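A.B. asks: One structure follows; several queries about it will come next.
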Amino acid sequence: MADDALDAVRRHAVAYDGSAADLDGLGELVGDAQVVLLGEATHGTHEFYAERARITQRLIEQHGFCAVAAEADWPDAYRVTCHVRGSATDDSAEQALRGFSRFPRWMWRNTDVAAFVEWLRAYNRELPSRAPRAGFFGLDLYSLFSSTEEVIRYLERVDPDAAARARARYACFDHADRDSQSYGYAASRGLADSCEQGVVEQLLEMQRRSVEPPTSADDSEEARFHAEQNALLVKDAEEYYRSMFRGGVSSWNIRDQHMARSLDRLVDHLSRRRGQPAKVVVWAHNSHLGDARATAMGRRGEVNVGQLVRERYGDAARLIGFSTFDGTVAAADDWGGDVRVHQVRQARPGSWEHLLHGVGVPRLFLPIRALPGLAAGLRTPRLERAIGVIYRPQTELVSHYFEADLAAQFDAVIHVDQTTAVTPLDAGSGGQSADAPETYPTAV
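Remember, our numbering sits 81 above the position in the sequence shown when you count from 1.
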């Protein structure tokens, strides 16, 4: 059976080097899709970041895509959007990316992301003066406290009385001293009051504001959307941190449902601004973007962004994964630790990565969706590797592998046989202390 799968890959795989011709072929697979999900097998591999950027540039320039939605916190990413649209005081991509100060800082503060941000700013600068500018947005929910500040900051400009109400509601979190996990533990154990009612009330108030006439020049549709998205993030983050201490799969599902809902809201918002359906590229880990129903995650009752996007957008969605056999990766030894370059072990025999390595091509493209014969040859589940911001080679099988049906998980896969670590913009520290996620120790 292994030989059958390898034979199918050898017959249908396309050598891939990111050339114009290769991107043309990938564009044919994208077709008229509205949402394209570009994954990564690690959070610290140069080739994944660089290739996602190259593909995204082509999608923006030639296929009408207008935004990147990343596995990143909304306030930090929105600072980048302001920079690339020319509406911020940051003078460079490096400055615009300084909002990413929490661990794992290198995940977005690296040279590949900085180069893409500079490209996006230059692209926007060449557009006609009144044309909508492309943006870089965040989908994740770890920015509970900075998002409360963004809500209050907006309301202070447009409605001081509403700002006072928001401040009173969000004061419920004060006892946690900006430690989201401490809040979640105390609230879930009855050691402190839950802030659930207050954050729901605040979100409802923000939603009511969104249909009222603007109160000032600061109360634009864009400003309202930014503030309401932060209020939604606070509501979902509050639930997420309480759920972390219940066990089970609820926290993972809350997080990915929030990311999928945020993507839907972003698409709807950009579509209204543009007067036509907006096309968005998503950057996140394979574990979030490959359809969970095709993996061991789905059997545990977990959903993810890839599954939810397919359910929402159907044939207008494309899911593209990345993989590697070995090389180096930027990762920490433990949560909150310094980033360093790790040697990635060769993929385990019996894994998808080992099978793709057997083709003997440095880089290859598997257009699964376009080739039913290829899909049929890849139906037997195999192990698949997932490295997040922590890499533990000593326990790699337990920490970094799960079972997946590759053909059902993705519409296409790009395999780079040997990869190298990203280059962080900051040496040493991975960033300020931050809460360990429910995916610890894999941290995807």
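Beta carbons are placed, not taken as given, at the ideal position from N, Cα and C, and that holds for glycine. Quick caveat: nothing in here was measured; it's all calculated off a predicted structure.
To the nearest angstrom, how far is it from the Cα of Ile-136 to the Cα of Val-363?
C.D. replies: Ile-136 and Val-363: Cα-Cα distance of roughly 11 angstroms.
A.B. asks: Among the residues of its own chain, which have a CB less than 7 angstroms from the CB of Ser-332, if the five just before and after it don't count?
C.D. replies: So the list reads Tyr-321, Ser-324, Met-325, Glu-519, once near-sequence residues are dropped.
A.B. asks: Start and end of the beta strand (DSSP E) containing Phe-326?
C.D. replies: Run containing Phe-326: none; DSSP gives neither H nor E here.
A.B. asks: Using a Cβ distance threshold of 8 angstroms, determine whether the segment 164-183 contacts the segment 383-400, with at least three qualifying pairs required.
C.D. replies: The segment 164-183 is not in contact with the segment 383-400.
A.B. asks: For Phe-296, tell me which candidate among Arg-238, His-256, Arg-342, Leu-272 has the shortest Cα-Cα distance.
C.D. replies: According to the sequence provided, residue 296 is Thr. The question's Phe does not apply to it. Closest by alpha carbon: Arg-238.
A.B. asks: Is Leu-478 buried or exposed, if buried means 16 or more other CB atoms sit within 10 Å of its CB?
C.D. replies: Exposed, because fewer than 16 other Cβ atoms sit within 10 Å of the Cβ of Leu-478.
A.B. asks: Of all the beta strand (DSSP E) runs that stay within the bounds of the segment 357-382, which reach a length of 3 or more residues?
C.D. replies: Segments of the beta strand (DSSP E) lying fully in the segment 357-382: 360-364.
A.B. asks: Measuring straight from C-alpha to C-alpha, what distance separates Ala-203 and His-307?
C.D. replies: So the two alpha carbons sit approximately 23 angstroms from each other.
A.B. asks: On the three-state DSSP scale, how would you describe Cys-163?
C.D. replies: Correct three-state label for Cys-163: helix.
A.B. asks: Do three or more CB pairs link the segment 427-445 to the segment 334-350 at distances below 8 angstroms?
C.D. replies: These segments do not touch.
A.B. asks: Assuming contact is defined by CB atoms lying nearer than 8 angstroms, are Trp-187 and Val-525 in contact in what I supplied?
C.D. replies: Taking 8 angstroms as the Cβ cut-off, Trp-187 and Val-525 do not qualify as a contacting pair.
A.B. asks: Once the 5 residues before and after Leu-452 are set aside, which same chain residues still bring their CB inside 8 angstroms of it?
C.D. replies: Hits under 8 angstroms: His-93.
A.B. asks: Does the segment 344-358 come into contact with the segment 367-378, if we say contact requires no fewer than three beta-carbon pairs (one atom in each stretch) closer than 8 angstroms?
C.D. replies: The segment 344-358 is not in contact with the segment 367-378.
A.B. asks: On the DSSP bridge list, what partners appear for Leu-445?
C.D. replies: DSSP, once it has assigned bridges, lists Ala-96, His-496 as partnering Leu-445.
A.B. asks: Short of 6 angstroms in beta carbon distance, which residues of its chain neighbour Phe-226, apart from the five on each side in sequence? Order them along the chain.
C.D. replies: These residues qualify, in order along the chain: Arg-259.
A.B. asks: Put Gln-424 into one of helix, strand or coil per three-state DSSP.
C.D. replies: Reduced to three states, the DSSP call for Gln-424 is strand.
A.B. asks: Ordered along the chain, which non-local residues of its own chain (more than five positions away) have a Cβ less than 6 angstroms from that of Asp-361?
C.D. replies: The displayed chain sequence assigns Val, not Asp, to residue 361. For Val-361, where only same-chain residues beyond five positions count, the Cβ hits under 6 angstroms are Val-116, Ala-148, Ala-150, Val-348.
A.B. asks: Please state if the CB of Thr-162 and the CB of Gly-106 are separated by a distance shorter than 8 angstroms.
C.D. replies: No; because the gap between Cβ atoms is not below 8 angstroms, this pair is not in contact.
A.B. asks: Closest to Val-494 by C-alpha separation, out of Glu-484, Thr-500, Phe-446, would be which residue?
C.D. replies: Minimum Cα distance to Val-494 is reached at Phe-446.
A.B. asks: Would Phe-129 and Phe-406 qualify as a contact pair, given that the criterion is a beta-carbon distance under 8 angstroms?
C.D. replies: Contact: no.
A.B. asks: Would you kindly work out how many angstroms separate the C-alpha atoms of Met-82 and Ala-359, rounded to a whole number?
C.D. replies: Confidence at Met-82 is low in this model, with a pLDDT of 47, below 50, so its placement is unreliable and the value that follows should be read with caution. Cα to Cα, the separation comes out at about 43 angstroms.
A.B. asks: To the nearest angstrom, how far is it from the Cα of Tyr-521 to the Cα of Gly-219?
C.D. replies: Interpretation of Tyr-521 is limited by its pLDDT of 49, a score under 50 that renders its predicted location unreliable; the figure taken from the coordinates is listed afterwards. When rounded, the distance between both Cα atoms is 21 angstroms.
A.B. asks: Which whole-angstrom value is the C-beta distance of Ala-411 and Val-422, which I expect to be below 8 angstroms?
C.D. replies: Indeed they touch by this definition, with Cβ atoms about 6 angstroms apart.
A.B. asks: If I'm right that Ala-397 touches Ala-114 with Cβ under 8 angstroms, what's the distance once you round it to whole angstroms?
C.D. replies: Right, their Cβ atoms sit about 5 angstroms apart.
A.B. asks: Pick out whichever of Pro-294, His-481, Arg-460 has its Cα sitting closest to the Cα of Ala-89.
C.D. replies: The residue with the shortest Cα to Cα distance from Ala-89 is Arg-460.
A.B. asks: Identify, in the order they occur along the chain, each residue of the same chain with its Cβ nearer than 6 angstroms to the Cβ of Glu-121, setting aside the five sequence neighbours on each side.
C.D. replies: Phe-129, His-366, Phe-403.
A.B. asks: Please list the terminal residues of the continuous beta strand (DSSP E) segment that includes Gly-402.
C.D. replies: Element bounds for Gly-402: 398-413.
A.B. asks: Determine the direct distance from the alpha carbon of Ile-141 to that of Arg-206, and round the result to whole angstroms.
C.D. replies: Going from the Cα of Arg-206 to the Cα of Ile-141 covers about 14 angstroms.
A.B. asks: Quick one: Cα of Glu-109 to Cα of Ala-86, how far?
C.D. replies: Distance between the alpha carbons of Glu-109 and Ala-86 is about 24 angstroms.
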